[in-house]
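The next block holds one structure in the form of C-alpha cells; read it before the comments.
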Amino acid sequence: MNHKLKLYCDTTRLSDLRHFLGNVLEGTALTEVDQHQVILAVEEVCANLIIHSHECNPKECIDLTVKESDELMIFEIRDFGQGFNILEYQEPEISFVMKTKRKGGLGIILVKRIMDKIEFETKENVNTCRLYKILKSK
Amino acid sequence: MMLKIEKNIENDHSVLSLIGEIDASNSVELDEVILEMVQGGVCNILVDCSMLEYISSAGLGVFMSYLEEFQEKQITLVIFGLKEKVFQVFNILGLDQLIKIRDTKQDALDEIL
Chain A
1 MNHKLKLYCD TTRLSDLRHF LGNVLEGTAL TEVDQHQVIL AVEEVCANLI IHSHECNPKE
61 CIDLTVKESD ELMIFEIRDF GQGFNILEYQ EPEISFVMKT KRKGGLGIIL VKRIMDKIEF
121 ETKENVNTCR LYKILKSK
Chain B
1 MMLKIEKNIE NDHSVLSLIG EIDASNSVEL DEVILEMVQG GVCNILVDCS MLEYISSAGL
61 GVFMSYLEEF QEKQITLVIF GLKEKVFQVF NILGLDQLIK IRDTKQDALD EIL
C-alpha cells in the first residue's frame, strides 16, 4: 500500500509530517520505539531539505511517498531544485559537534543509524531520497 | 501548543520542564531559555523530560552546544524522566555518555548534592 503527503517547506509543518507518519506506522510490525525512530529519521531528512535546500519557503513543497509491504517500508522523499545528497555528506564526529558548538550535523547521523538502507538520485532536476526500513516480525 | 517550557527556581537549582515536542520549528525557544539561565548565573540545571514526547536533532543540538560552556562554568546539567522512546534517541547518538541522564528527579537531585 502507498501513502502520500505533500509537505510545504515550513518547519511548523513538521508536526503534520509526524502525525502522518504515526498513522502510517501504526499497526506495522515495528515496536513503538522503532516507530518513533523511523518518524525521527524521515523528519530529519525533510527538515534538512526545508531549511537548507528550500530556505523555509512555504510556497515550495516536498513529496513524500511511503511504500509499505510485509517485509519492508520505503520512504521516498522527492523535491525539485538544489539537491542534498545525504550519502555524500560526511557527518561530523559527535565530539566535533560539541567543540564547535554547531547545532547541526546530528540529524544525518541519526538517519544513517536508524535506517537500514539509503539511496539518493537526481534525474532531470528531481531529487529522490529513499529510506528503507526492514520490518522484523513481532 | 506543541512545546511548553516551564522554569522553576528551587533552592540551589533550576528545574526546566519540557512539555510536548521539540523540533526545528521551536528548538530556538529551548536555546533562549538555557541562554537566559546561563546569563543569570545558574549553577545547576535539572531538565524534567517526563512530559517530553519527541525531540529531533535540532533540540539535541541545543544541549550539545552548551556542554563545553557548562564544563567551563562548572554548571551541572542533569536530565531526568525521559520516556524510553526519547531516551533511545539520546542513546543512538551516544549522548547518554556526555550528558548525565537519571530516571527520577530524586536521582537527579542526588547528582548536584
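If you read the sequences in order, they're chains A and B. The first sequence begins at 1 in my numbering and counts up one residue at a time. The second sequence begins at 1 in my numbering and counts up one residue at a time. Ideal Cβ positions, reconstructed from N, Cα and C, are used throughout, including at glycine. Quick caveat: nothing in here was measured; it's all calculated off a predicted structure.
- Buried or exposed (CB count within 10 angstroms, at least 16 for buried), residue 70 of chain A: The count along the first sequence starts at 1 and reaches residue 70 of chain A at position 70. It is exposed - the Cβ of residue 70 of chain A has fewer than 16 other Cβ atoms within 10 Å.
- Query: So is residue 138 of chain A buried or exposed if we call it buried at 16+ other beta carbons inside 10 Å?
  - Reply: Here residue 138 of chain A corresponds to residue number 138 of the first sequence, with the count starting at 1. Residue confidence is low: residue 138 of chain A scores 48 on pLDDT, short of 50, so the model does not pin down where it sits. Its coordinate-derived value is still stated next. Exposed, since its Cβ has fewer than 16 Cβ neighbours within 10 Å.
- Query: Taking Cβ positions, are residue 76 of chain A and residue 130 of chain A nearer each other than 8 Å?
  - Reply: Mapped onto the first sequence, residue 76 of chain A falls at position 76. Mapped onto the first sequence, residue 130 of chain A falls at position 130. In this structure, residue 130 of chain A lies closer than 8 Å to residue 76 of chain A by Cβ.
- Message: Here's a check: name, in chain order, each residue in its chain whose Cβ is nearer than 8 Å to the Cβ of residue 11 of chain A, leaving out the five neighbours to either side.
- Response: As a first step, residue 11 of chain A must be located in the first sequence, where it is residue number 11. Cβ neighbours of residue 11 of chain A beyond the five flanking positions: 47, 50, 51, 56.
- Bridge-paired residues (DSSP) for residue 44 of chain B: The residue you call residue 44 of chain B lines up with position 44 of the second sequence. Answer is B:76, bridged to residue 44 of chain B.
- Taking C-alpha atoms, which residue in B:91, B:21, B:76 lies nearest to residue 110 of chain B? For the purposes of this step, residue 110 of chain B is identified with residue 110 of the second sequence, where counting begins at 1. Checked all of B:91, B:21, B:76; the closest Cα to residue 110 of chain B is B:76.
- Query: For the segment 18-30 of chain B, which residues have a beta carbon sitting closer than 8 Å to at least one beta carbon of chain A?
  - Reply: 21, 23, 24, 25, 27
- Inter-residue spacing [alpha-carbon to alpha-carbon] between residue 107 of chain B and residue 124 of chain A: Translated into positions along the second sequence, residue 107 of chain B becomes position 107. Translated into positions along the first sequence, residue 124 of chain A becomes position 124. One C-alpha to the other measures close to 56 Å.
- Taking residue 73 of chain A as the reference, give the member of A:9, A:34, A:126, A:121 with the closest Cα. Your numbering for residue 73 of chain A matches position 73 in the first sequence. Of A:9, A:34, A:126, A:121, the residue nearest in Cα terms is A:34.
- Message: Looking at residue 25 of chain A: is its Cβ nearer than 8 Å to the Cβ of residue 38 of chain A?
- Response: Here residue 25 of chain A corresponds to residue number 25 of the first sequence, with the count starting at 1. Here residue 38 of chain A corresponds to residue number 38 of the first sequence, with the count starting at 1. Cβ distance < 8 Å, so residue 25 of chain A and residue 38 of chain A count as in contact.
- Taking buried to mean at least 16 other C-beta atoms within 10 Å of its own C-beta, is residue 19 of chain A buried or exposed? Taking the first sequence and counting its residues from 1, the one referred to as residue 19 of chain A is at position 19. Residue 19 of chain A should be labelled exposed.
- Query: Just curious, the alpha helix (DSSP H) that residue 13 of chain A is in, first and last residue?
  - Reply: Taking the first sequence and counting its residues from 1, one reaches residue 13 of chain A at position 13. That residue, residue 13 of chain A, is in no alpha helix (DSSP H); it is neither H nor E in DSSP.
- Message: Give me the chain B residues within the contact set of residue 14 of chain A, using Cβ-Cβ distance strictly less than 7 Å, ordered along the chain.
- Response: Along the first sequence, read from residue 1 onward, the residue named residue 14 of chain A stands at position 14. What residue 14 of chain A touches in chain B: 23, 24, 25.
- Message: Measuring only the C-alpha atoms, how far is residue 12 of chain B from residue 44 of chain B?
- Response: Along the second sequence, one-based indexing puts residue 12 of chain B at 12. Along the second sequence, one-based indexing puts residue 44 of chain B at 44. Rounded to whole angstroms, residue 12 of chain B to residue 44 of chain B spans 7 Å at the Cα level.
- Contact set for residue 5 of chain B: own chain, Cβ-Cβ below 8 Å, skip 5 residues either direction: Position 5 of the second sequence, counting from 1, holds the residue named residue 5 of chain B. Closer than 8 Å at Cβ, skipping near neighbours: 16, 17, 18, 19, 29, 30, 33.
- Message: Counting only C-beta atoms, is residue 85 of chain B closer than 8 Å to chain A at any point?
- Response: As a working mapping, residue 85 of chain B is identified with position 85 in the second sequence. Chain A contact via Cβ: present.
- Take residue 113 of chain B as the anchor and find which of B:78, B:51, B:60 has the nearest alpha-carbon. Stepping through the second sequence from its first residue, residue 113 of chain B is reached at position 113. The candidate whose alpha carbon is nearest that of residue 113 of chain B is B:78.
- Item | Cβ-based contacts, 8 Å cut-off: residues of the segment 38-63 of chain B near chain A | 54, 56, 57, 58, 60, 61, 62
- Message: Could you check whether residue 3 of chain A and residue 45 of chain A sit closer than 8 Å to each other, using their CB atoms as the reference points?
- Response: Stepping through the first sequence from its first residue, residue 45 of chain A is reached at position 45. Stepping through the first sequence from its first residue, residue 3 of chain A is reached at position 3. Cβ distance not < 8 Å, so residue 45 of chain A and residue 3 of chain A don't count as in contact.
- Measure the alpha-carbon distance for residue 104 of chain B versus residue 80 of chain B and round it to whole angstroms. Numbered from its first residue, the second sequence carries residue 104 of chain B at position 104. Numbered from its first residue, the second sequence carries residue 80 of chain B at position 80. So the two alpha carbons sit approximately 6 Å from each other.
- Query: Are residue 28 of chain A and residue 110 of chain A closer than 8 Å when you measure CB to CB?
  - Reply: For this step, residue 28 of chain A is matched to residue 28 along the first sequence. For this step, residue 110 of chain A is matched to residue 110 along the first sequence. For residue 28 of chain A and residue 110 of chain A, no; Cβs fall outside 8 Å.
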